[in-house]
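Numbering (this note's numbering), first residue to last: 1 to 165. Beta carbons are placed, not taken as given, at the ideal position from N, Cα and C, and that holds for glycine. From a predicted model like this one, the values you see are computed outputs, not experimental measurements.
Set out below in structure tokens:
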């Protein structure tokens, strides 16, 4: 997907893509991908372009513009972001160093690239004081009953009864 604010640039890129496809060994695969998933979108301005990009949430986003750092703050949803004309995706894929396991299919809206934190085991640790238990116990019973989980409700009500005994 190519997003631009220039109709002239959109036409130029479409023409260049046609030429580039002819040089590819895997032309059929690239053509099928472009035909099935490709688009050229002309945005009203750079803010609109960023909004569109965030909606698409691409696996790879090339900010191939003169001042990419000025736009970077507008980008919220992309797996990997490549800054400027001298940072094509291939550099990130092969030599720049970040992990290449990226969110695909628009999942960058809620997911991030694989990182070291994904290999750290964590546990949730929960502790209530007597006062906190007494204040929230009935709410837990109500939720458990709504879910039809009688044993969960009972695990709280038994303790609440002991409190009142």
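Nearest neighbour of residue i, chosen from the options [CA to CA]
i           : options              : result
residue 117 : 29, 106 and 99       : 99
residue 33  : 125, 17, 159 and 139 : 17
residue 77  : 61, 8, 157 and 83    : 61
residue 85  : 66, 73, 39 and 31    : 66
residue 52  : 148, 29, 74 and 70   : 74
residue 35  : 14, 43, 44 and 25    : 14
For residue i, the first and last residue of its enclosing beta strand (DSSP E)
i          : result
residue 41 : 40-42
residue 3  : 2-4
Residue interval of the alpha helix (DSSP H) (run including residue i)
i           : result
residue 110 : Unbroken run through residue 110: none, as it is neither H nor E.
residue 133 : 130-146
residue 7   : 7-23
residue 51  : 46-56
residue 78  : Here residue 78 belongs to no alpha helix (DSSP H), and DSSP marks it neither H nor E.
residue 30  : 27-37
residue 93  : 89-94
Bridge-paired residues (DSSP) for residue i
i          : result
residue 63 : 83
Integer-rounded CB distance, given that residue j should sit under 8 Å from residue i
i           : j           : result
residue 59  : residue 79  : 4 Å
residue 106 : residue 151 : The pair is not a contact, with the Cβ atoms about 39 Å apart (cut-off 8 Å).
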